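Written below as structure tokens is the structure these notes are about.
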Amino acid sequence: MKLTTRGGFVKYFPLFFWLWSFFSSTDSEKKTLNVALVGDLTGSGDTLSVHNYINDRNLTKISLQLEAFPLNGTSFEDISKRFCSKVLDSNVTVIILQTKRDKLACFVEHLASYFKIPVISSGKAGPPLSAKKHFSIYVRELPSSSSTLQFTVLVDLFRYAGKRRAFIIVSDDTSYELALQYFNENDDRISSNIINLAASEKQDIIQQLLRIKSSTACAVFLLCNSKLAHLILWLAKDLRLISHDVLWILSEKSLRDIQDVYMLPSLIYLMRQHKYERWEDFNRRHLIDSLSLVQRTFESMSDDVVQDYLWKPSNCSQTPVWKKGEQLHRLLSVAANDKRSLKNETYEILYLQTPDDKEKVWVQLGKWTAEGLSFQPSQLSNSEENSISEITRLRAAVVEYPPLTMKANFDENNGCFQGLECKKFIGNTANFTKHCCYGLAIDVLKYVASQLQFEPIVYFVRDGNYGAKNTTADTWNGIVRDILDEEADIAIDLMANEARSEVIDFSLRWTYAGLALLVLVGEKKVDQLDFSFFYPFTTYLWISIIGVVNLFLGFLWLADRISPYGHHRSRRPGFRDGFDLSGSMWYCWGMCFDNQFVDSRPRSFSARAMAVVLAIFALMCVTSYTANLTAHLLSDDTIPDVTGIRDPKITDPNTAISYGVVKSSYVDSYFELNEDPIMQSMFQRMRDKKHLVNNFTDGVERVKHRQLDVFISEVLSLDYEVAKQKSPTYPRLQVVGANEPFAETGYSYAFRKNSPWKPKFDFVINRMKADNKPSDLYKKWVSSGEDKSEDRHQLLSVRSLSGVFFLGASLALVASLFLFLENKLFAKGFIYANICTDPIVEKGQRKLSAEVKRKLLDFSKFAKEVEEYPDISGYMHNRRRRTLMLKSLYNPKSVKRKYEETGEQVTATSSV
């Protein structure tokens, strides 16, 4: 390739020398392709990368000749003249434009479009759609190589952060069309709303921001000019739209003309291509990519077609429109959008950090490559162990606090089956013992570590405290002190408050929590015999039910006796005594207890109607009793002495109820720093009574042993303690105020001030929440325990039904007593002989008292002579009738005849 320098472009000579040294060695029969480098050309820079690129290429069909035309300090009129005198006269086929000035880029593109010469630009997003016919030769800027690459990076970033719905704000028609086309083709990846604010007034922008605020969107991407982006950001800040809940991402285009980052609000992110240290480095990369684009386009053509696309020299004033220019533009655009050209592209993800008393700075969080989005770990820890391997190690200080962090014995042979290996130091020495740490916070830490590619080094803080401030000495203890002294890099389950936030940074909350009360219920004395099966009904209701059933008993017997259709007035022999008073009693009480084997039943319609009413009454009583008894057995009928933190029994200064919290914890500081006089009085009482416990386990044990009446702590930990209870007996632990906890807060990660790890953790926590992992982990560590504890409701103890057994034994004893009396009366002759079916042998006392029995029980002087044999005609009639009905199942035609014959042959009892 032959290299020609014009316009005093001496500074670029080393760069072009390498190009010339490569292309001049090609075959002389190759077609020469002239390429013009136009723009703000300020320096040459290092040419090694260009040289390496050239050595890797083997051009077979063309030889490139690069012409340089600097436009520094040139007016538009002079640019027009030089364009004709140099660009056209030099037979330029493709123009490579490098400038940061949008107006200059637009003017040069307009000139080139007049002659249909393709332009490869790096300084402008693109012409408006309304001017497309004038800019038909424009090729999207390089080195992006793809007009939709930034949207691909954006979608990957949204998905990683767990954002499913977003707004895309653009300021020109080209970006609007490209965004609309991309998200319509990829609508399954993310739900997007594209807003074009080109030439919009301030009031229109406010209306769109209010629309975003009222929607469920959780991410906004600004792909607009710098002036509009600056206005949108500050209006959004005034509307309280910029927060941890909404992810704001700037494009490189939106930040291009903003020189000072202090003009931007905090809590925003930037997505840009790989940042070069100098503008010359970027131009060099752009030049290499542009030449690569031209090379791929022409090398894919045949020899005859290559000649057709070479520009023919002509007079500037009489140069016609190049007919092949638009077709060459399309070929260059296809090559620019080839996915294979994206393999070397890299995007950087940055976060605007605001250090205290320092200027705002952009901190890199991660990068995007063709392989996807990843967060690169930084060497942020001062631990000497970092030098052992390349992976970053972060020291995590923890406190044993179920179910967040718990420890188990460490197995030297097998290690830890669950959780992570952790250390517990012995006193203030460097000696330590190994344990296995597990729990809800440990599981979350393992997930975050896998996403951010670091190794956590977990250890228990020496004094066992989370961190409280000594206002007198202005010092901290616990985990907060370790973070300030750089002994720890992170804390995994710290709760944020105003005092702590002044000295350390907190991430987003990975789970929410609140404060509640832990009490011991069921301390009342329980009777040895439990008659709780009587509790569903009151005493008056039991008496009423018994009275109603006995009343129905008498009415049924009376109705059946008086009715002409009853048993008493039946003309059939033996039916008059079919439903006597004892039969009515057996029938009524049998109906109440669903006894299906009742022999005596009412015969009259009036008695049967009354029986239906009794059945409905019995059904309602039985079902109501069953439901209430079930609810009574399954419910915890013990009521705690307090109802909440504002209960007068607690807030009263002279109360006899004792309560406590864990010292140097969030709960401790909540009462100590609270401006409410009631809370301050409660803290003063706890401190004076020495009810500030050492740790969570100590507080729970004090409640169990009645050394504390109330223990105040986080709901999550209290639920865990209640859920893991296995004993079905009283007393039991119970949480008061779990449904409406006070002082709602949550668990966060803590870092040193201005730590670059904070925004990375925020990204992962957002993603974790979107995947609902905190809820799944809560079910694993808390809800699973509740499921096991529910077995105590299904398995009743002997004491629960002791009253039933006592009642059954008592009734059996009464029945035995009646049995004894019956035998005694029978032996004395006070039982009628016709009750028994077998012949009675009268001997002994019964024989001597037979005459006495007749005199006592026969009151009628004209008693009829007892028949020698009982009348069984009715019994025989019913038996024959049932037999015939069974035979009729297989011979129904002879039913009537058999019945008539049988009726004629009925034999009287007296003739038997």
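Sequence positions in the sequence shown follow mature numbering (1 follows the signal peptide of the UniProt record, and there is no 0) and run -28 to -1, 1 to 884. All residues carry an ideal CB built from backbone N, CA and C; glycine is no exception. Just so it is clear, the structure is predicted and the values come from calculations on it, not from any experiment.
Problem set entry | Presumed contact (8 angstroms Cβ cut-off) between Asn165 and Phe139, rounded CB distance | By one-based count along the sequence shown, residue 165 stands at place 193. By one-based count along the sequence shown, residue 139 stands at place 167. Right, the Cβ-Cβ distance comes to about 5 angstroms (below 8 angstroms), so this counts as a contact.
Exercise. What did DSSP end up calling Phe404 once you bin it into helix, strand or coil?
Worked result: Taking the first residue of the sequence shown as position 1, residue 404 is located at position 432. Phe404: strand per DSSP, three-state reduction.
For this session: Mind checking who Ala8 pairs with in its DSSP beta bridge?
Result: Sequence index remark: in the sequence shown, residue 8 carries index 36 (1-based). BP columns for Ala8 point to Glu39, Ile67.
Problem set entry | Bounding residues of the alpha helix (DSSP H) (the contiguous stretch that carries Pro649) | The sequence position of residue 649 within the sequence shown is 677, counting from 1. Counting along the chain, the alpha helix (DSSP H) containing Pro649 begins and ends at 649 to 660.
For this session: Indicate whether the contact test is met: 3 or more Cβ pairs, each with one atom in the region 427 to 439 and one in the region 363 to 381, closer than 8 angstroms.
Result: yes
Problem set entry | Option nearest Ile464 by Cα separation, candidates Leu5, Ala787, Leu169, Ser479 | What you label residue 464 is simply residue 492 of the sequence shown in a count that begins at 1. When only C-alpha atoms are compared, the closest one is Ser479.
Problem set entry | For Met563, the first and last residue of its enclosing alpha helix (DSSP H) | Along the sequence shown, read from residue 1 onward, the residue named residue 563 stands at position 591. 553 to 564 is the extent of the alpha helix (DSSP H) around Met563.
Problem set entry | Rounded C-alpha distance that separates Ser215 from Phe193 | For this step, residue 215 is matched to residue 243 along the sequence shown. For this step, residue 193 is matched to residue 221 along the sequence shown. Using only the alpha carbons, I get a separation of about 14 angstroms.
Exercise. So what does Lys3 bridge to, in DSSP terms?
Worked result: Against the sequence shown, residue 3 aligns to sequence position 31. Partner(s): Ile34.
Exercise. Which same chain residues, not among the five before or five after Leu789, have their C-beta less than 7 angstroms away from its C-beta?
Worked result: What you label residue 789 is simply residue 817 of the sequence shown in a count that begins at 1. Excluding residues within five positions, none has a Cβ falling inside 7 angstroms.
Exercise. Just the Cα atoms here: how many angstroms apart are Lys621 and Val694?
Worked result: Looking up residue 621 in the sequence shown gives position 649. Looking up residue 694 in the sequence shown gives position 722. Between Lys621 and Val694, the C-alpha separation is close to 23 angstroms.
Exercise. Who are Gln153's beta bridge partners in DSSP?
Worked result: Within the sequence shown, numbered from 1, the residue matching residue 153 stands at position 181. Answer is none; Gln153 lacks a bridge partner.
Exercise. How is Gln122 classed by DSSP in three states: helix, strand or coil?
Worked result: As a first step, residue 122 is located in the sequence shown; it is residue number 150 there, counting from the start. If DSSP states are grouped into helix, strand and coil, Gln122 belongs with the helices.
Problem set entry | Bridge-paired residues (DSSP) for Val736 | For this step, residue 736 is matched to residue 764 along the sequence shown. In DSSP, Val736 forms no bridge with anything.
For this session: Pull up the distance between the alpha-carbon of Trp514 and that of Arg704, whole angstroms please.
Result: Indexing the sequence shown from 1 puts residue 514 at position 542. Indexing the sequence shown from 1 puts residue 704 at position 732. Their backbone Cα atoms lie some 32 angstroms apart in a straight line.
Problem set entry | Where the alpha helix (DSSP H) through residue 885 begins and ends | Only positions -28 to 884 of the chain appear in the structure, and residue 885 is not among them; the question remains open.
Problem set entry | CA-to-CA distance, Arg657 to Glu673, given in whole angstroms | Residue numbering aside, residue 673 sits at position 701 when the sequence shown is read from its first letter. Residue numbering aside, residue 657 sits at position 685 when the sequence shown is read from its first letter. Glu673 and Arg657: Cα-Cα distance of roughly 20 angstroms.
Exercise. Between the beta-carbon of Gly775 and the beta-carbon of Phe505, is there less than 8 angstroms?
Worked result: Against the sequence shown, residue 775 aligns to sequence position 803. Against the sequence shown, residue 505 aligns to sequence position 533. Result yes, Cβ atoms of Gly775 and Phe505 sit closer than 8 angstroms.
For this session: Identify which residue in Tyr323, Leu345, Asn197 has its Cα closest to the Cα of Ser727.
Result: Counting from one through the sequence shown, the residue named residue 727 turns up at place 755. When each option's Cα is compared against that of Ser727, the closest is Tyr323.
For this session: Look up Met848 in the DSSP assignment and say whether it is helix, strand or coil.
Result: Translated into the one-based positions of the sequence shown, residue 848 becomes position 876. If DSSP states are grouped into helix, strand and coil, Met848 belongs with the helices.
For this session: Report yes if the C-beta of Phe683 is less than 7 angstroms from at least one heavy atom of the ligand NAD; otherwise report no.
Result: Judged by which ligands are present, the structure shown has none, so any question about the ligand NAD falls away.
For this session: Could you tell me which residues DSSP pairs with Asn711 in its beta bridges?
Result: Position 739 of the sequence shown, counting from 1, holds the residue named residue 711. For Asn711, which the question treats as bridged, DSSP gives no partner whatsoever.
Problem set entry | Among Leu195, Ala189, Leu236, the one whose alpha carbon lies nearest that of Leu207 | By 1-based counting over the sequence shown, the position of residue 207 is 235. Cα-wise, what sits closest to Leu207 is Leu236.
Exercise. Nearest to Gly297 by CA position, among Gly486, Asn386, Lys88, Arg365, is which residue?
Worked result: Here the question's residue 297 lines up with position 325 in the sequence shown. Of the listed residues, the one whose Cα sits closest to Gly297 is Lys88.
Problem set entry | Beta-carbon proximity check, Asp128 vs Trp340, cutoff 8 angstroms | In the sequence shown, counting from the first residue as 1, residue 128 sits at position 156. In the sequence shown, counting from the first residue as 1, residue 340 sits at position 368. Yes. Within cutoff.
For this session: Would you kindly check if the distance between the Cβ of Leu680 and the Cβ of Gly632 is under 8 angstroms?
Result: Here residue 632 refers to the residue found at position 660 of the sequence shown. Here residue 680 refers to the residue found at position 708 of the sequence shown. Their beta carbons are under 8 angstroms apart, which means Gly632 touches Leu680 by this criterion.
Problem set entry | Opening and closing residue of the alpha helix (DSSP H) in which Trp514 lies | Looking up residue 514 in the sequence shown gives position 542. That run of the alpha helix (DSSP H) goes 511 to 534.
For this session: Report buried or exposed for Asp532, applying the criterion of at least 16 other Cβ atoms within 10 angstroms of its Cβ.
Result: Taking the first residue of the sequence shown as position 1, residue 532 is located at position 560. Result: buried.
Exercise. Under the DSSP definition of a beta bridge, which residues are partnered with residue 888?
Worked result: Examination of residue 888 is not possible in this model, given that the chain is present from -28 through 884 alone.
Exercise. Anyone know if the C-beta pair for Leu690 and Val707 falls short of 8 angstroms?
Worked result: For this step, residue 690 is matched to residue 718 along the sequence shown. For this step, residue 707 is matched to residue 735 along the sequence shown. Against a cut-off of 8 angstroms, the Cβ pair of Val707 and Leu690 comes out as a contact.
Exercise. Between the region 591 to 601 and the region 638 to 648, do three or more beta carbon pairs fall short of 8 angstroms?
Worked result: no
Exercise. Is the region 37 to 53 close to the region 6 to 14, with three or more CB pairs under 8 angstroms?
Worked result: yes
Problem set entry | Close-in-space but distant-in-sequence residues of the same chain around Ile737 (CB under 7 angstroms, 5 per side omitted) | In the sequence shown, residue 737 corresponds to position 765, counting from 1. Ser479, Leu480, Trp482, listed in sequence order.
Exercise. Among Ser578, Asn522, Arg580, which one has its Cα closest to the Cα of Leu553?
Worked result: Residue 553 sits at position 581 when you count from the first residue of the sequence shown. Nearest of Ser578, Asn522, Arg580 to Leu553, Cα basis: Asn522.
Exercise. Is the Cβ-Cβ distance between Ser264 and Tyr438 less than 8 angstroms?
Worked result: In the sequence shown, counting from the first residue as 1, residue 264 sits at position 292. In the sequence shown, counting from the first residue as 1, residue 438 sits at position 466. Result no, Cβ atoms of Ser264 and Tyr438 do not sit closer than 8 angstroms.
For this session: Please classify Tyr721: does DSSP put it in a helix, a strand, or coil?
Result: Numbered from its first residue, the sequence shown carries residue 721 at position 749. Strand at Tyr721.
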